[in-house]
Amino acid sequence: MSKYVYLDEINNINDIKKIPHDKYPVLAQEIRNFLVENVSKTGGHLASNLGVVELTMALHLVLNLPKDKIVWDVGHQAYTHKILTGRKDDFTTLRCFEGLSGFPKRNESEADSFDTGHSSTSISAALGIATANKLNGNDDKVVAVIGDGALTGGLAFEALNNVAALKRNFVIVLNDNNMSIAENVGGMSKYLNKIRVGEHYNEFKVDVEHLLKGIPKIGDNLSAGVKRVKDNFKQFFVHAKFFDDMGVTYIGPVDGHNIDELIRITEDALKIEHPVLIHVLTKKGKGYLPAENNPTKFHGIDSFDVKTGEKINESNVKTYTDIFSDKILELGNENKNIVAITAAMPDGTGLKKFGDKYPDKFFDVGIAEEHAVTFAAGLAANGKKPFISIYSSFYQRAYDQIIHDVCLQNLPVTFIIDRAGLVGKDGETHQGIFDISFFSNIPNMTIIAPKNGRELEKALEFAQKYNGPIAIRFSRGKASNVFENLNNELVMGKSETLIEGKHVAIIAVGNIIEETYNAVKSLNDKGCNPTLINALFLKPFDKEMIDSIAKKYKYIVTIEEGIRHGGYGEAVISYMADKNYKNDVMNLAIEDEFVEQGTVEELRKKLQLDADSICERILNFIK
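Numbering of the sequence shown is given in the working numbering, commencing with residue 6 and proceeding in unit increments.
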């Protein structure tokens with residue numbers, strides 16, 4: 006007999022509606038067991054998904070998918086949605102190469118209404134879908150599901166400001182687990198806490214309004230005592246007034262693990278002919294004790310042992326993030342003006358230790374990258390030395406601020422670009438392949454791409470002394486130790502020759518150097534002895550080095566783990582064209598495409614940026 010008695014009956018969209026009502030709690034537990042069993046093998050976002058099982062079930066029971074639409078903010082919490090829409094048998098391939106995505110994908114299921122991966126987009130997207138419904142003359146329901154962490158993002162507030170204009174049913178579900186990745190921070194978090202610990206606002210509001218309507222209105226003769234009574238009643242439920250003032254009816258807080266209550270309230274909300282927000286309280290990691298006790302660890306986790314909750318084959322080798330974490334702490338000891346900023350990811354970006362030691366100089370601004378950058382600019386304008394650490398793909402959200410608020414004023418802000426290059430299993434929305442292109446196009450910006458952990462430390466030392474905008478990019482995972490015997494000092498705009506050879510000059514960028522070095526060894530075995538150069542400074546790049554190799558080598562190759570257009574290689578080729586050099590130049594980079602999920606090794610092979618492919622492409626090039 007199957008251990009998933011009721012889950013086995015769900016193979017298509019809306020099959021959940023065949024499950025007997027009294028078996029919903031059993032189904033919820035089966036889904037949680039299924040999630041833990043499968044994510045323990047593939048890795049993925051576990052804690053968030055365990056927290057929204059009943060909420061997802063309720064939405065699927067009340068809505069008519071795919072006619073009705075759910076837009077999941079970020080989308081990392083949509084695993085139960087995928088299970089309930091005919092994809093449970095694909096969970097063995099979750100986040101694997103050519104497998105099931107960890108995020109909603111329109112090309113994966115008609116039940117996925119909008120692709121997501123980054124934060125705070127759901128209300129805007131859902132509002133667009135609902136407005137299109139109105140223009141198309143249909144009354145299909147649209148629900149946006151957004152977490153309290155995502156509600157710290159400015160885009161969510163921009164959308165809320167626009168919602169009231171819809172003047173028809175539109176439901177926002179606020180999934181409040183008091184967490185984003187780490188614990189939430191800021192005014193909105195405190196505001197929601199006030200609601201969270203209060204009475205059930207909506208029921209109380211109805212009772213109070215009924216009572217107030219019964220008080221006779223006798224103008225100026227109304228006694229001061231009665232006025233005080235009215236004021237006191239109003240103060241009792243004023244905490245949720247923000248949403249009402251935005252033109253959105255607030256309902257809640259609602260127990261996010263009481264499926265009957267969720268169904269009843271969602272059905273009622275869908276009948277209201279204007280925008281509604283349902284405030285749902287959930288527990289991140291619900292039903293799996295290790296995740297309940299440490300939801301940050303289980304937000305996104307690699308494969309783990311179900312019994313202990315410990316990661317399988319966890320390496321003790323330091324990552325680039327670990328090295329940054331230790332070095333920024335050291336620099337903070339030396340320089341009292343250094344401050345550190347993160348956007349809701351103190352653990353992931355390596356700033357937790359700095360924050361623990363220097364709480365007054367550490368700022369977690371929430372999921373608000375735009376604000377983070379301009380906040381850093383303000384600090385820099387008043388004598389501080391801000392280091393802002395954000396993942397490569399999330400810097401995209403703050404591009405105008407980098408240009409307008411930092412570089413235009415030439416302010417000394419250090420941008421730590423973590424997860425640069427291929428990051429692997431989170432797929433298209435998280436690959437860090439655009440940062441070289443968009444950072445290098447900005448005047449006053451300096452960019453460093455260290456080849457190993459020791460060079461990262463030197464880059465950080467360089468940055469703290471540099472009086473202008475500077476970006477340091479490094480990849481996810483363990484730090485390379487390739488060429489650690491070389492201990493050269495960093496000089497502005499200068500590259501580093503790693504191997505002197507002949508036949509061809511190869512210039513490699515940052516995290517791809519180790520792969521390139523392996524290719525060079527294969528080339529040596531085939532009778533080709535290349536020169537290998539560490540680009541190091543991507544902007545300003547080493548023009549003297551280019552002039553030198555252009556005179557010495559017929560063949561020049563650039564290699565980078567980033568998009569070709571606007572990348573380092575294109576800058577080199579443009580410079581050589583301006584100088585009228587006639588060398589044969591090959592630029593190995595990522596073509597004009599978004600890169601899917603998979604391990605870094607699998608993706609490099611597909612993109613022909615693995616050692617074997619690099620070797621073969623260079624041999625074909627110089628024939």
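C-beta: ideal position from N, C-alpha, C; glycine also.
For residue j and residue i, believed in contact at Cβ under 8 Å, the rounded distance
{"i": "G122", "j": "V79", "result": "7 Å"}
{"i": "I317", "j": "S125", "result": "Contact doesn't hold; Cβ gap of about 33 Å is too wide."}
{"i": "T563", "j": "L612", "result": "Their Cβ separation, rounded to whole angstroms, is 15 Å, which puts T563 and L612 out of contact at 8 Å."}
{"i": "S445", "j": "L543", "result": "6 Å"}
{"i": "V176", "j": "L267", "result": "Wrong, their Cβ atoms sit about 12 Å apart, outside the cutoff."}
{"i": "F443", "j": "Y404", "result": "6 Å"}
{"i": "H81", "j": "S53", "result": "6 Å"}
{"i": "N415", "j": "N449", "result": "5 Å"}
{"i": "V514", "j": "E565", "result": "4 Å"}
Residue j beta carbon less than 8 Å from that of residue i
{"i": "A386", "j": "V370", "result": "no"}
{"i": "V259", "j": "V281", "result": "no"}
{"i": "L541", "j": "I407", "result": "no"}
{"i": "Y558", "j": "L537", "result": "no"}
{"i": "L55", "j": "K291", "result": "yes"}
{"i": "T90", "j": "L66", "result": "no"}
{"i": "I75", "j": "V148", "result": "yes"}
{"i": "K46", "j": "S308", "result": "yes"}
{"i": "G482", "j": "E601", "result": "no"}
{"i": "H262", "j": "E35", "result": "no"}
{"i": "N539", "j": "E501", "result": "yes"}
{"i": "N182", "j": "G152", "result": "yes"}
{"i": "I438", "j": "G567", "result": "yes"}
{"i": "N174", "j": "I283", "result": "no"}
{"i": "F546", "j": "Y573", "result": "yes"}
{"i": "K366", "j": "I343", "result": "yes"}
{"i": "H626", "j": "M591", "result": "For the sequence presented, residue 626 should be read as Phe rather than His. Result yes, Cβ atoms of F626 and M591 sit closer than 8 Å."}
{"i": "S330", "j": "G355", "result": "yes"}
{"i": "V57", "j": "N180", "result": "yes"}
{"i": "I18", "j": "A131", "result": "no"}
{"i": "I328", "j": "A345", "result": "no"}
{"i": "T451", "j": "G473", "result": "yes"}
{"i": "A468", "j": "A616", "result": "no"}
{"i": "V253", "j": "A135", "result": "no"}
Per DSSP, the bridge partner or partners of residue i
{"i": "M450", "result": "Bridge partners of M450: none, in fact."}
{"i": "T157", "result": "Answer by DSSP bridge pairing: none, since T157 is not bridged."}
{"i": "T347", "result": "D369, S394"}
{"i": "A5", "result": "The requested residue 5 does not occur in the structure, where the chain is confined to residues 6 to 628."}
{"i": "L70", "result": "DSSP output for L70 lists no bridge partner at all."}
{"i": "D181", "result": "L286"}
{"i": "R478", "result": "I422"}
{"i": "T502", "result": "I538"}
{"i": "V562", "result": "I511, M591"}
{"i": "G437", "result": "G426"}
{"i": "A149", "result": "V76, I177"}
{"i": "I568", "result": "I595"}
Nearest residue (CA-CA) to residue i, options the options
{"i": "F479", "options": "N449, N318, I422", "result": "I422"}
{"i": "R459", "options": "F599, A149, T136, A484", "result": "A484"}
{"i": "V378", "options": "I475, D597, G305, T434", "result": "I475"}
{"i": "F39", "options": "M62, N138, Y84, E103", "result": "Y84"}
{"i": "H570", "options": "D597, F546, I554, D589", "result": "D597"}
{"i": "Q401", "options": "V428, I441, L384, P364", "result": "I441"}
{"i": "T434", "options": "R100, K93, A52, H86", "result": "R100"}
{"i": "N534", "options": "A345, A524, K507", "result": "K507"}
{"i": "R424", "options": "E606, G257, N516", "result": "N516"}
{"i": "A155", "options": "K172, A170, I128", "result": "I128"}
{"i": "L3", "options": "V577, T271, L160", "result": "Since the first residue of the chain shown is 6 and the last is 628, residue 3 is not available in this structure."}
{"i": "K491", "options": "K470, K463, I511", "result": "A small fix is needed here, since residue 491 is Leu in this sequence, not Lys. Checking every option, the nearest Cα to that of L491 belongs to K463."}
Residue environment, residue i, which counts as buried when at least 16 other CB atoms sit within 10 Å
{"i": "E214", "result": "Unreliable positioning characterises E214 in this predicted model, as indicated by a pLDDT of 43, which lies under 50. A coordinate reading is not provided."}
{"i": "I619", "result": "buried"}
{"i": "M497", "result": "exposed"}
{"i": "R111", "result": "exposed"}
{"i": "L294", "result": "exposed"}
{"i": "T61", "result": "buried"}
{"i": "P391", "result": "buried"}
{"i": "F380", "result": "buried"}
{"i": "L227", "result": "Residue placement at L227 cannot be trusted, given a pLDDT of 39 that sits under 50; the coordinates are not used to answer."}
{"i": "E103", "result": "exposed"}
{"i": "G532", "result": "exposed"}
{"i": "K146", "result": "buried"}
{"i": "E204", "result": "The predicted model places E204 with a pLDDT of 42, which falls under 50 and marks its position as unreliable; any figure quoted below should be read in that light. Burial call: exposed."}
{"i": "L140", "result": "exposed"}
CB contact check: residue i to chain D, cutoff 8 Å
{"i": "L68", "result": "Absent from the structure: chain D. Only one protein chain is present."}
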